[in-house]
Amino acid sequence: MSTPADQIITALRAGHEELAALVRDLKEDDLLRPSGASEWQVSQVLSHLGSGAEINLASLDAARTGAPGPDGDFNRGVWARWDAMSPAEHAAGFLAANERLVEAYEALDAETRASLRIDLGFLPEPVDVATAGRFRLSEFALHQWDAEVAFNPFAAVTPGAVSLLLDQVGGMLGWTSRPQELAGQKATLLVRLHAPERTFGLRLGEKVELVDVPEQADGELVAPAEAWLRLATGRLGPQHTPDGVRVTGPLTLDDLRRVFVGF
């Protein structure tokens, strides 16, 4: 029976193979295209993913050997080296670095996947493999979309990643939302998602938070789960909104786009 760690590692491999298939064929002009990430070209997205893979692998290796994890100086050195690379080097470097990270996760046996604790550096305590892998999957899947949408306006976040990341959205809203954009307006929406199905409340006021299904909602948001994930992370612009997204009540979809700025 597969564990959450197994499922996340499988999703990391699937995402890598999908993005690598695209990246291997990119020419320099392709790497300079605007991506779905604000102000980043495709090569810069790959640089971010490649440098992140290096840092994640250093954290994983430290946990496995008992050595100290990477610190701020290590991270800054990695970022500086990647910043100095050319677009072609970003692409080649991403392919190599992310393959090494995924292989390292895949090499963990069942006992290690259950028992290992990894210090990610930005959390108060070390976390298990599933949690560390989920943080990486969240970063990878969304930036994978950023790269792919440069070539396909109908790109979508990989379904296997969506199902694993949906329940993490609530914990991201403090970073990805700007409730002040509503200028004091408050509303609670009933959210109905499909593929996979989820139903919950979205409360917008002094802060933005997910709540239980409201007894009385001010309006409703209906959407594919993939579109909700992108909306909550600032990636549901009008040109990338699939059919089936509907907002009723006092707020519009444009209001929600202004609130959810992403990261």
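Per the working numbering, residue 8 is the first one in the sequence shown, and the count goes up by one each step. Don't be surprised by glycine CBs; every beta carbon is placed ideally from N, CA and C. Computed from a prediction, not measured in an experiment: that's the story for all the values here.
Nearest neighbour of residue i, chosen from the options [CA to CA]
| i | options | result |
| --- | --- | --- |
| ARG205 | ALA44, LEU217, PRO245, ARG20 | LEU217 |
| ALA91 | ASP80, GLN51, LEU108 | GLN51 |
| TRP235 | GLU227, PRO221, VAL252 | VAL252 |
| ARG237 | LEU263, GLY73, GLY212 | LEU263 |
| VAL215 | HIS55, PRO203, GLU188, ASP174 | GLU188 |
| PRO4 | ARG120, ASP80, LEU67, TRP86 | This structure cannot speak to residue 4, because the chain is shown only from 8 to 270. |
| VAL266 | LEU200, ALA28, SER9, GLN192 | GLN192 |
| ARG83 | ARG71, ILE62, LEU200, PRO257 | ILE62 |
| ASN105 | GLU24, GLY177, GLY79 | GLU24 |
| PRO257 | ALA111, ARG210, VAL136 | ARG210 |
| HIS201 | PRO41, PHE129, ASP37, ALA230 | ALA230 |
| LEU115 | GLN175, GLU46, THR72, ASP174 | THR72 |
| ALA103 | ASP261, SER9, ALA28 | ALA28 |
Cβ neighbours of residue i in the same chain (closer than 8 Å, five flanking residues each side left out)
| i | result |
| --- | --- |
| LEU144 | ILE15, ALA18, LEU19, GLY22, ALA168, LEU171, LEU172 |
| PHE270 | MET179, TRP182, THR183, THR240, GLY241 |
| GLY208 | THR195, LEU196, LEU197, VAL198, LEU217, VAL218, ASP219, VAL220, PRO221, ALA224 |
| GLN246 | PRO160 |
| GLU288 | Since the first and last residues shown for the chain are 8 and 270, residue 288 lies out of range. |
Contact belief for residue i with residue j at Cβ below 8 Å, rounded distance in angstroms
| i | j | result |
| --- | --- | --- |
| ALA308 | ASP153 | What the structure shows of the chain is the stretch from 8 to 270, and residue 308 is not part of that stretch, so it cannot be assessed. |
| GLY212 | PRO186 | 7 Å |
| GLN48 | LEU56 | Wrong, their Cβ atoms sit about 13 Å apart, outside the cutoff. |
| GLN151 | LEU243 | GLN151 to LEU243, Cβ: 16 Å. No contact. |
| ARG255 | GLU227 | It should be pointed out that residue 255 corresponds to Thr in this sequence rather than to Arg. 5 Å between Cβ atoms; contact. |
| GLY100 | TRP89 | 7 Å |
Sub-7 Å separation of residue i and residue j beta-carbons
| i | j | result |
| --- | --- | --- |
| PRO75 | ALA65 | no |
| ALA194 | ASP225 | yes |
| VAL164 | ALA190 | no |
| ALA232 | PRO203 | yes |
| VAL85 | SER58 | yes |
| LEU53 | HIS97 | yes |
| PRO131 | GLU35 | no |
| LEU123 | ALA70 | yes |
Spatial neighbours of residue i in its chain, beta-carbon cut-off 7 Å, leaving aside the 5 residues before and after
| i | result |
| --- | --- |
| LEU127 | SER66, VAL134, ALA139, PHE142 |
| ALA162 | TRP152, GLU155, VAL156 |
| ALA111 | LEU64, LEU67 |
Cβ shell of residue i (< 6 Å), same chain only, five flanking positions each side left out
| i | result |
| --- | --- |
| VAL136 | ALA12, ARG120, LEU123 |
| PHE129 | none |
| VAL176 | ALA239 |
| VAL268 | ARG185, GLY241 |
Margin query: So within the region 20–70, which uninterrupted alpha helix (DSSP H) runs reach at least 4 residues, ignoring any that extend past its ends?
Written below: Taking only runs of at least 4 residues, the alpha helix (DSSP H) segments lying wholly in the region 20–70 are 35–38.
Item checked: In chain order, each beta strand (DSSP E) run of at least 3 residues that lies wholly inside the region 142–202 -> Every beta strand (DSSP E) of 3 residues or more that sits fully in the region 142–202 is shown, in chain order, as 194–201.
Checklist line | Complete runs of the alpha helix (DSSP H) confined to the region 74–155 [at least 4 residues] | finding: Listed in chain order, the complete alpha helix (DSSP H) runs (minimum 4 residues) inside the region 74–155 are 79–90, 94–113, 117–122, 136–155.
Margin query: Threshold first: 3 residues or longer. Then list the beta strand (DSSP E) segments lying entirely within the region 224–258, N to C.
Written below: As for any beta strand (DSSP E) of minimum length 3 sitting wholly inside the region 224–258, the runs are 226–231, 253–255, ordered along the chain.
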